[in-house]
């Protein structure tokens with residue numbers, strides 16, 4: 098298990114409110130109790146509430162975000178924290194507590210690059226205490242992964258853990274661990290906790306793509322496909338054009354030649370240049386009637402997307 102915020106605390110880049118509480122800070126103790134209470138409420142909600150109650154609560158973004166924010170960040174002393182992690186189990190990330198961007202930011206914009214590079218150096222030097230192998234396999238800056246106007250909302254650094262004899266490291270929440278270790282092996286007793294018994298596996302950055310039947314050429318092997326290629330390819334299957342702002346490309350090599358001949362990809366026709374997936378011949382993408390639009394909106398609302 099890896100405790101990212103503990104790692105940052107040990108290098109002087111993060112301060113826990115719990116540390117202030119230990120030194121006599123009443124506010125730190127209150128924040129710690131509130132965070133632990135939120136974590137308990139979340140656990141009860143996820144594992145014991147009936148779905149008819151749980152689902153509306155999860156779809157209430159205001160309530161859900163407040164609870165999750167308290168759990169992930171309620172134990173941090175922001176006035177003394179330069180760098181922090183959300184300690185997500187999905188894809189670990191590091192954020193700079195940047196002045197002018199973050200509500201309690203303390204790192205000056207002119208110190209941003211230096212601070213980020215210092216964290217990269219720490220991560221590259223991190224070693225597993227048992228094996229001596231690097232804990233981190235790869236570190237990505239936000240601009241190396243994302244592009245576009247929303248890049249500013251992305252984490253400043255994304256981390257790809259190394260494997261320990263084929264097994265993934267598991268991100269844990271630092272303040273819920275009593276050992277004060279930044280990395281340690283899990284005890285057998287910990288595998289009976291609700292968090293572990295409901296865990297189906299660990300996330301990996303690479304996936305597998307299979308396409309067979311219908312218009313697909315099952316004998317063809319495709320290499321270098323990206324997650325962003327799926328949406329244009331699926332739209333192509335349905336005879337729909339990809340909007341010019343959509344990233345990715347149609348994986349034309351997946352399809353039989355006769356299907357490609359009747360559904361020829363074409364370049365964007367509205368002036369979009371570079372980096373966008375191809376347009377495809379098909380029906381007008383804005384040909385829905387008002388009744389059809391109402392049906393689609395209702396379905397999206399029922400699914401919780403609106």
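Numbering (the numbering used here), first residue to last: 98 to 403.
Where a beta carbon is used, it is the ideal one built from N, C-alpha and C, also for glycine.
Ranking 387, 266, 153 and 170 by CA distance to the CA of residue 300 puts 266 first. Per DSSP, residue 234 is one residue of the beta strand (DSSP E) stretching across 233-238. In this structure, 171 is the residue among 395, 171 and 148 with its C-alpha nearest to the C-alpha of residue 272. A residue is called buried when at least 16 other Cβ atoms come within 10 angstroms of its Cβ; residue 279 meets this threshold and is buried. Comparing alpha-carbon positions, the option among 264, 196, 174 and 199 lying closest to residue 112 turns out to be 174. Residue pairing by DSSP puts residue 257 in a beta bridge opposite 235. Rounded to the nearest angstrom, the gap between the Cα atoms of residue 355 and residue 337 is 17 Å.
The beta carbon of residue 259 is closer than 7 Å to those of 230, 231, 232, 233 and 234 in its chain, skipping five residues each way along the sequence. In the three-state DSSP reduction, residue 356 falls in the helix class (H, G or I).
By the C-beta criterion, the stretch 339-358 is judged to be in contact with the stretch 315-326, since at least 3 inter-stretch pairs fall below 8 Å.
Only residues of its own chain outside the window of five on either side were considered, and among them 280 have a CB closer than 7 Å to the CB of residue 226, listed in chain order. In the DSSP assignment, residue 193 forms a beta bridge with 180. Excluding the 5 residues flanking it on each side, residue 314 has same chain C-beta neighbours closer than 7 Å at 351, 352 and 353, in chain order. Residue 285 is positioned such that its CB atom lies no closer than 8 Å to that of residue 182. For residue 328, the uninterrupted alpha helix (DSSP H) run begins and ends at 327-334, by DSSP. Taking 8 Å as the cut-off, the Cβ atoms of residue 254 and residue 224 do not count as close. Taking 8 Å as the cut-off, the Cβ atoms of residue 268 and residue 184 count as close. Per DSSP, reduced to three states, the secondary structure at residue 264 is strand. For residue 209, the enclosing alpha helix (DSSP H) stretches over residues 209-222.
Looking at the backbone, the Cα of residue 403 and that of residue 394 are separated by about 8 Å. Ranked by Cα distance from residue 211, the first of 149, 193 and 150 is 193.
Each residue's CA atom was taken as its position, placing residue 388 and residue 401 some 20 Å apart.
For residue 313, the three-state secondary structure derived from DSSP is strand. Cβ contact annotation for residue 99 (same chain, cutoff 8 Å, sequence separation greater than five): 189, 232, 258, 266, 267, 268, 269, 279 and 280, in chain order. One alpha carbon belongs to residue 144, the other to residue 277, and they sit about 28 Å apart. By the 16-neighbour rule on beta-carbons within 10 angstroms, residue 293 is exposed. Apart from the 5 residues on each side of it in sequence, residue 197 sits with its Cβ closer than 8 Å to the Cβ of 206 in its chain, given in chain order. In the three-state reduction of the DSSP assignment, residue 100 falls in the coil class. Short of 8 Å from the beta carbon of residue 357, and not among the five residues preceding or following it, lie these beta carbons of its own chain, in chain order: 349.
Secondary structure of residue 307 (DSSP, three-state): coil.
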